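A short worksheet on the structure shown next.
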Amino acid sequence: VISGEWSRGLFVIKPEDEDIHTANERRLKELIGAPAGKLHTGRSRNDQVVTDMRLWLRDAISTLTDNALQLMSTMVERAAAEIDVLFPGYTHMQRAQPIRWSHWILSSYNKDLQEDKEAMFDCYDTVHAVLQVTTGVMSTLKINQSVMEAALSSDMLATDLAYYLVRKGVPFREAHGISGKAVFAAESKNIALNQLTVGDLSAVSPLFGSDVSSVWDYRSSVEQYSAPGGTAKCSVAAQNIRQCLISTDPQQRPVMLVP
Numbered sequence: 001v002i003s004g005e006w007s008r009g010l011f012v013i014k015p016e017d018e019d020i021h022t023a024n025e026r027r028l029k030e031l032i033g034a035p036a037g038k039l040h041t042g043r044s045r046n047d048q049v050v051t052d053m054r055l056w057l058r059d060a061i062s063t064l065t066d067n068a069l070q071l072m073s074t075m076v077e078r079a080a081a082e083i084d085v086l087f088p089g090y091t092h093m094q095r096a097q098p099i100r101w102s103h104w105i106l107s108s109y110n111k112d113l114q115e116d117k118e119a120m121f122d123c124y125d126t127v128h129a130v131l132q133v134t135t136g137v138m139s140t141l142k143i144n145q146s147v148m149e150a151a152l153s154s155d156m157l158a159t160d161l162a163y164y165l166v167r168k169g170v171p172f173r174e175a176h177g178i179s180g181k182a183v184f185a186a187e188s189k190n191i192a193l194n195q196l197t198v199g200d201l202s203a204v205s206p207l208f209g210s211d212v213s214s215v216w217d218y219r220s221s222v223e224q225y226s227a228p229g230g231t232a233k234c235s236v237a238a239q240n241i242r243q244c245l246i247s248t249d250p251q252q253r254p255v256m257l258v259p
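Everything in the sequence shown is counted per the UniProt record's numbering, starting at 1 for the first residue and increasing by one.
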């Protein structure tokens, strides 16, 4: 339904819609109710953007492939039908040896091939310099663990507070709103988010219980994301091993990286 509304130009964007994602979610909620709030679960809007781009590229590449195949088919048909037609070949804008029209179709030269070389060489120079400089920076960079960890604060766990509710069956969008109310409650009391009592949180939502204290552990927060690409130690270690293999074993590299 929503896709059809977009394609027919009937989809109505409302002032309260933050972006296309919240607009689609809001419209879905109008159609199916509360379950639409779970659409956002497990993926950020950036995740959706990447997914949308990949879906678009898949369709776009398929379309261009079909176009290229149609052009090839047309050229082959013309080459076969008019294989006996001869005409002057050209080199450097001057007539040269006689050639077949069918031969010329697939072997012309365009001066524009020269015009992309400047951009190509400039691109190489830029990427080459950036990679070398970044390698130097990364190899000598020193991190200050105590300062970095001291910068952590409980307000950064507001999303974890929402996930706590999601695990209790609350749609993410609703849980996100409840978490926002908890943040507001803490700000109103001029205290940190993790200083709210169970009673304070229960006033925001009765689903908050004594086990909510587990939310305020930074390391547990990081460790809960154990899916591929996540922040858990096991996930990051697996990513690191994969990247080590790519950098040391040519057989593990994507085709475009194999010399």
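Cβ atoms here follow ideal geometry from the backbone N, Cα and C, with glycine treated the same way. These numbers come from a predicted model, not from an experiment.
Here the segment 221 to 239 makes no contact with the segment 187 to 207; the two share fewer than three CB pairs at distances below 8 Å. Closest option to residue 181, judged by alpha-carbon separation, among 80, 193 and 171: 193. In this structure the segment 129 to 141 does not touch the segment 184 to 204; the number of beta carbon pairs closer than 8 Å is below three. For residue 91, the enclosing beta strand (DSSP E) has its first and last residue at 86 to 91.
In this structure, the beta-carbon distance from residue 196 to residue 186 falls below 7 Å.
Setting aside the 5 residues that flank it on each side, residue 24 is surrounded in the same chain by 2, each with a C-beta closer than 7 Å to its C-beta; the list follows chain order.
For residue 178, the number of other beta carbons within 10 angstroms of its own is at least 16, and it is reported as buried. In terms of CA proximity to residue 158, 172 leads the group 55, 251, 145 and 172. For residue 165, the closest of 212, 94 and 52 by C-alpha to C-alpha distance is 212.
Here the segment 93 to 107 lies against the segment 66 to 79, with 3 or more beta-carbon pairs under 8 Å apart.
Contiguous alpha helix (DSSP H) elements confined to the UniProt domain "Fumarate lyase N-terminal" (5 to 149) occur at 20 to 32, 45 to 81, 101 to 105 and 117 to 140, taking only those with 4 or more residues.
Here the C-alpha atom of residue 94 lies approximately 35 Å from the C-alpha atom of residue 66. Between residue 71 and residue 140, the alpha-carbon positions lie close to 53 Å from each other.
Nearest to residue 217 by C-alpha distance, out of 176, 152 and 37, is 152. With a cutoff of 7 Å on beta-carbon distance, residue 198 and residue 161 are scored as not near each other. Scanning the segment 220 to 258 for uninterrupted alpha helix (DSSP H) segments of 4 residues or longer gives 233 to 248, listed from N- to C-terminal end. A distance below 7 Å separates the beta carbons of residue 45 and residue 21. If you check the CB distance, residue 127 and residue 101 do not come in under 7 Å. In the structure shown, residue 208 adopts coil according to DSSP, grouped into three states.
A residue is called buried when at least 16 other Cβ atoms come within 10 angstroms of its Cβ; residue 37 meets this threshold and is buried.
Under the three-state reduction of DSSP output, residue 191 falls in the coil class, being neither helix nor strand. Annotation: residue 50 to residue 243 spans about 21 Å, alpha carbon to alpha carbon. In the displayed model, residue 197 falls within coil according to three-state DSSP, outside both helix and strand.
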